[in-house]
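Enquirer: Its first residue numbered 136, the sequence shown is counted upward by one per residue in the working numbering.
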Amino acid sequence: MSYPKLLTPEEKLDQGKRELGIRDVVVLCGSMRFADAMAEVAVEESVGKALVLKPDCNMKIEHPLWADPAEAEALKIRLDDQHRQKIRLADRVIVVGDYIGDSTLGEIAYARSLGKPIRFTHPEVDPEAQR
136 MSYPKLLTPE
146 EKLDQGKREL
156 GIRDVVVLCG
166 SMRFADAMAE
176 VAVEESVGKA
186 LVLKPDCNMK
196 IEHPLWADPA
206 EAEALKIRLD
216 DQHRQKIRLA
226 DRVIVVGDYI
236 GDSTLGEIAY
246 ARSLGKPIRF
256 THPEVDPEAQ
266 R
C-alpha cells in the first residue's frame with residue numbers, strides 16, 4: 136500500500152496561498168532610518184499588485200509603548216520574531232536603504248536560508264556582493 140506524500144509546512148503555506156488567490160507577498164527589510172523610503176517602496180509594490188509586509192513599529196521614534204528600557208528590549212525581541220514570520224510568509228524580500236545593520240543582516244541570512252529571492256534598493260550593500 137502506498138501512502139500519500141505528506142506536505143511540509145512550507146508546501147502547505149504555498150498551497151493555501153494559491154487556493155486563496157494570494158499571488159505575490161513581499162516583505163520589506165531594512166533599518167527604520169529608511170522608514171520613508173520603505174513607505175514609498177510599499178506604495179510602488181502595492182500599486183504593482185503585491186501584498187506588502189513591512190516593519191510597523193519605528194522604535195527610533197519615542198512612543199509610550201516602548202518608553203521603558205526593559206519593556207523596549209523585550210518588545211524588540213518580539214518584533215524581530217514577528218518580522219521573521221513575515222519573511223516566512225513572503226514570496227520575495229526587498230531590502231531598503233544604503234546601510235545594513237546587524238538586524239537586517241540577520242534577516243537577509245534568514246531569507247536566504249529559506250530560499251527567498253532578495254532584491255536590494257541599493258545592490259552595493261548586498262553582503263554577497265562584497266565577498
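The beta carbon of each residue, even a glycine, is placed where N, CA and C say it ideally should be.
Do the segment 190-207 and the segment 140-148 meet, that is, are 3 or more Cβ pairs less than 8 Å apart?
Expert: In short, these stretches do not touch, since the Cβ pair count stays below three.
Enquirer: Is the CB-CB distance between V230 and T239 below 8 Å?
Expert: Cβ distance < 8 Å, so V230 and T239 count as in contact.
Enquirer: Have a look at C192 and R168 and give me their C-alpha separation to the nearest angstrom.
Expert: 12 Å
Enquirer: I need the straight-line Cα distance from A209 to D216, nearest angstrom please.
Expert: So the two alpha carbons sit approximately 11 Å from each other.
Enquirer: Using a 10 Å radius around the Cβ and a threshold of 16 neighbouring Cβ atoms, would you call V178 buried or exposed?
Expert: exposed
Enquirer: Given V161, which residues of its chain have a CB within under 8 Å of its CB, disregarding the five upstream and five downstream residues?
Expert: E180, A185, L186, V187, L188, A225, D226, R227, V228 and I229
Enquirer: Specify the secondary structure class of I229 as computed by DSSP and reduced to three states.
Expert: strand
Enquirer: Check whether the Cβ atoms of A246 and I253 lie closer than 8 Å to each other.
Expert: yes
Enquirer: What's the C-alpha gap between P262 and D233?
Expert: 12 Å
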